[in-house]
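Data first, discussion second: the structure below is written as structure tokens.
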Amino acid sequence: MALLTRITGPRDLDRLSPEELDQLAREIRTFLVEAVSKTGGHLGPNLGVVELTIALHRVFESPRDKVLFDTGHQSYVHKLLTGRQDFSRLRARGGISGYPSRAESEHDVIENSHASTVLGWADGLAKANQVLGREDHHVAAVIGDGALTGGMAWEALNNIAAAKDRPLVIVVNDNERSYAPTIGGLADHLATLRTTDGYERFLARSKDLLNRTPVVGRPLYETLHGAKKGIKDVIAPQGMFEDLGLKYLGPIDGHDIAALESALTRAKRFGGPVIVHCLTEKGRGYQPAVQHEADRFHAVGVIHPDTGLPVAASGADWTSVFGEEMVELGRERADVVAITAAMLQPVGLRKFAETFPDRVYDVGIAEQHGAVSAAGLATGGLHPVFAVYATFLNRAFDQVLMDVALHRCGVTFVLDRAGVTGTDGASHNGMWDMSILQVVPGLRIAAPRDADQLRAQLREAVEVKDAPTVVRFSKGAVGPSVPAVSTIGGMDVLREARTEEGERPDVLLVSVGALAPMCLEIAGLLEKQGISTTVVDPRWVKPVDEALPPLADRHRVVVTVEDNSRAGGVGSAIAQALRDAGVDVPLRDFGIPPKFLDHASRAEVLAEIGLTAPDIARQVTGLVAKLGGRYGTGDTESAEATERADGIGTEAARD
50 MALLTRITGP RDLDRLSPEE LDQLAREIRT FLVEAVSKTG GHLGPNLGVV
100 ELTIALHRVF ESPRDKVLFD TGHQSYVHKL LTGRQDFSRL RARGGISGYP
150 SRAESEHDVI ENSHASTVLG WADGLAKANQ VLGREDHHVA AVIGDGALTG
200 GMAWEALNNI AAAKDRPLVI VVNDNERSYA PTIGGLADHL ATLRTTDGYE
250 RFLARSKDLL NRTPVVGRPL YETLHGAKKG IKDVIAPQGM FEDLGLKYLG
300 PIDGHDIAAL ESALTRAKRF GGPVIVHCLT EKGRGYQPAV QHEADRFHAV
350 GVIHPDTGLP VAASGADWTS VFGEEMVELG RERADVVAIT AAMLQPVGLR
400 KFAETFPDRV YDVGIAEQHG AVSAAGLATG GLHPVFAVYA TFLNRAFDQV
450 LMDVALHRCG VTFVLDRAGV TGTDGASHNG MWDMSILQVV PGLRIAAPRD
500 ADQLRAQLRE AVEVKDAPTV VRFSKGAVGP SVPAVSTIGG MDVLREARTE
550 EGERPDVLLV SVGALAPMCL EIAGLLEKQG ISTTVVDPRW VKPVDEALPP
600 LADRHRVVVT VEDNSRAGGV GSAIAQALRD AGVDVPLRDF GIPPKFLDHA
650 SRAEVLAEIG LTAPDIARQV TGLVAKLGGR YGTGDTESAE ATERADGIGT
700 EAARD
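The sequence shown finishes on residue 704 if you use the numbering used here, and the numbering steps up by one all the way, no holes.
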């Protein structure tokens, strides 16, 4: 790593010879494989952009010039070249983020890492440069070919092309993939661009000749120019971009630093919007990644660097349970189809696609289109299951509301990575879905607590034909089954309060989804303090079960625990249901505070926000003490209650 360790900032690249730049690229790939294999992270995408990132930082002068990435998981090389070479705690608490982070460096701009947004950012930054007269400032936006499948990218291109004199360089990082191979008409178009020469010389010669032809020359040229789309489809399909008014350069070998620098320099000097089309290889230089056809090691856990194999075998996770049940449903029901937004494997639909290749639709990174298309599929007589990360459903809220719910379409949305996900940081926590979906009339939300319930509630969801349904589950391993001891209405009772006959139980603890084991632990800690607790799992958290208010009325206090924002979440919905039913019982809701959470492990994040059994039990003990009754209201008894609450954390640790 002789060269890499000498790079403390982008301008250090200026002193390197072509041979040294090639050596640096090799060192960076070696570093990435060694570092990411120890921590996990996005390996394949970053191996593919080594030369491209070097060229960008040699041509553009960050941070004065803004170098933007879409999506941010391809920014590891950018981090290395901007002085961040400690990857020992990548994506871990106290270490560097797996995405650009303004807190880390002035060279980082976009943090959210939701795809297809970079061109909107670039458009705004370029406009700001123009308004403020910053002629020496430039904007370079790197967008993966997968992100170009998102409608927002084309909305931005339409606006960018409107200003022919506003400098902006758009780098299309074309590796034929987003996660898996990129699918759709745009992908076919880019594939043609990879193998076709330009037509500019042909059109230029024609223009010169026809302009010198009297009377009919100019009209004939206009006719020819108006028909250029058809000509370009035969000769050079870069016309797709140029018809928008965008200058096109490429395709460029994305692993040839000299060629990249030449193209980027010309684009920078052009004085208007330019597309630089670069062909790269995801996973380049690491044979296990190149040979991994599914996603070229898009994201990996801890692996052996020599073989690429996982260090430890993982148990069954939520995603695989869903994927297996989808295959069973597909065998039983010919009307069940699946939709994914460029994430067939990450959301567990690969086996379904292999078994029923004609019944799965990859819409690209286009969640809005996916939701509307699902409405059409449902109206046409099918039952679509749209599997997507919980954080990405936010992007399709209007379509869920106005296209699916308003039209009472039987569409099931399966939300993977719901709640705190941890290592991917603020933009990837799935902590808003149960809040934003509360306002959708008719929509129903299931929050399964274990694998058995996931299977059962998925089946219940696809039986609903006149309304959208949502099934949400966590990231990672699925725990053991949590059996119900009885049912009340549509709710499962997981633990019945131990009280004397005729005595009113203290706490009704409403457990949401995968937090059931934690809630049972809370109940056990409360029992040691003499606080009787009933634990219920509503299973379907929207709408609130009609049996819940009467059950709450038989307890002294209601406590809700959810892996979702407290603002407008399940706790808020239950509180409203109690008010509507005239049930005057104190309620305390525990969940995720309405703030963006830094990257760390899921357990660390939960501990930081107080969403652990000892923390919650301690607060509930104090709440019950304030109500009097068993603990009384006298000063001595209240003090004893406080001491009991303070001791819960110690007892939990001892147990």
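Glycine included, each C-beta is placed from N, C-alpha and C at the ideal position.
Cα-Cα, which of the options is closest to residue i?
i: V542; options: G617, S523, C568, S621; result: C568
i: G10; options: V511, V99, A420, V654; result: No answer is possible for residue 10: it lies beyond the span of the chain, which begins at 50 and ends at 704.
i: G97; options: E110, R107, S86, S124; result: S124
i: T314; options: L101, G677, G659, S560; result: L101
i: G525; options: A424, A495, G364, A616; result: G364
i: D71; options: A308, I301, E225; result: A308
i: E153; options: L174, P112, A171, H186; result: P112
i: V610; options: L398, L129, A496; result: A496
i: D63; options: G479, N224, D114, I103; result: I103
i: I641; options: A616, A662, S137; result: A616
i: H122; options: R107, L139, P149; result: P149
i: F290; options: R78, T54, D119, I324; result: I324
Under three-state DSSP, which class holds residue i?
i: P112; result: coil
i: V323; result: strand
i: A688; result: Because the pLDDT of A688 is 47, which lies under 50, any placement of that residue in the model is unreliable, and the question is left without a value.
i: K644; result: coil
i: L53; result: helix
i: G121; result: helix
i: D407; result: helix
i: I301; result: strand
i: I232; result: Caution is warranted here: a pLDDT of 47 is assigned to I232, below 50, making its placement in the model unreliable, and the coordinate value is therefore given only provisionally. Three-state result, I232: coil.
i: G359; result: Residue identity check: residue 359 is Pro in the sequence provided, not Gly. P359: strand per DSSP, three-state reduction.
i: D292; result: coil
i: S255; result: Legend: pLDDT at S255 = 44, less than 50; position of this residue unreliable, no value from coordinates given.
i: G372; result: helix
i: A152; result: coil
i: D664; result: helix
i: G169; result: helix
i: G479; result: strand
i: G468; result: strand
i: H163; result: coil
i: K277; result: Interpretation of K277 is limited by its pLDDT of 38, a score under 50 that renders its predicted location unreliable; the figure taken from the coordinates is listed afterwards. Correct three-state label for K277: helix.
i: E708; result: One cannot answer for residue 708 here, as it falls past the ends of the chain, which runs 50 to 704.
Can you give me the C-alpha to C-alpha distance between residue i and residue j, rounded to a whole angstrom?
i: A630; j: A343; result: 52 Å
i: T518; j: M540; result: 17 Å
i: G144; j: F371; result: 32 Å
i: T583; j: I56; result: 60 Å
i: D61; j: H304; result: 20 Å
i: K213; j: F446; result: 34 Å
i: R498; j: R508; result: 15 Å
i: P67; j: E657; result: 48 Å
i: K400; j: V376; result: 7 Å
i: A662; j: I571; result: 5 Å
i: A702; j: R183; result: In this prediction, A702 scores a pLDDT of 43, lower than 50, which makes its location untrustworthy; the coordinate-derived value is nonetheless stated afterwards. Each residue's Cα considered, the two are about 59 Å apart.
i: G299; j: M480; result: 41 Å
i: M50; j: L81; result: 11 Å
i: L398; j: E83; result: 30 Å
i: Y438; j: V412; result: 14 Å
Counting C-beta neighbours from all protein chains within 10 Å, is the total for residue i 16 or more, i.e. buried, or is it exposed?
i: N207; result: exposed
i: D135; result: exposed
i: Q578; result: buried
i: L455; result: exposed
i: G147; result: buried
i: P322; result: buried
i: L676; result: exposed
i: K331; result: buried
i: G429; result: exposed
i: Q448; result: buried
i: V520; result: buried
Bridge partners of residue i, per DSSP?
i: S560; result: V610
i: W589; result: A495
i: G90; result: V349
i: V463; result: A436, V520
i: S535; result: V542
i: I192; result: D119, V221
i: L328; result: D223, D302
i: V386; result: P433
i: V584; result: R544, L558
i: R637; result: V608
i: A16; result: With the chain covering 50 to 704 only, the question about residue 16 has no answer from this structure.
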